[in-house]
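For this note's numbering, add 108 to where a residue sits in the sequence shown, where the first one is 1. Backbone N, C-alpha and C fix where the C-beta goes; we use that ideal spot for every residue, glycine too. For clarity, every value in this text was computed on a predicted model and none was experimentally measured. Below: the structure, in structure tokens.
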Amino acid sequence: MRQFGFALICGSVLALGCTPPAAAPTTPTKPAGGPPPTSGSTATSMVPSNVKLVSLKVEEMHCPFGCYPTVEKALTKVAGVSSVKLADQKKEGTIDNPVVLVQVDNSFDPSAAIAALDKVGFASEMLK
């Protein structure tokens, strides 16, 4: 009987595959209310001039719970990368737009980022 229970549990785990983690509570990205921006100020004026956003298309990135974290970890180790974000997807829990948005500074080397992704098994290219 114990063998049947063990087999049932193992089969269940294998059938689930790549499942999303429990949803974490989110915090709003913009504060509610507050004074409007003063004239002459823009959102870009708060970002240092040496910081820019680049886009990388990552081939064979299918799962936001397995593939994307590997891509994110590889890119955050590249010099000049300050943040990595998965581009917006049409459906939550899938990757139908295999693009990552990478916030970088002037020391960023695109070929180093592509090499880092290639090292972990993901071919990629810079988007213009």
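- Contact check for V159 against S190 passes: the beta carbons are separated by less than 8 Å.
- In the three-state DSSP reduction, V179 falls in the helix class (H, G or I).
- In the displayed model, S157 falls within coil according to three-state DSSP, outside both helix and strand.
- Where S215 is concerned, there is no enclosing alpha helix (DSSP H), because DSSP gives it neither an H nor an E.
- Each residue's CA atom was taken as its position, placing L194 and V207 some 6 Å apart.
- When secondary structure is reduced to three states using DSSP, K193 falls in the strand class.
- Contact between L209 and L161 holds, with the beta-carbon distance rounding to 6 Å and staying under 8 Å.
- Of the candidates Q197, K227, V186, T202, the residue whose Cα lies closest to the Cα of Q211 is V186.
- Taking C-beta atoms as the reference points, V192 and E200 fail to come closer than 8 Å.
- When rounded, the separation of the alpha-carbon atoms in Y176 and S157 is 28 Å.
- Minimum Cα-Cα distance from E168 among the listed residues S219, F216, D204 corresponds to D204.
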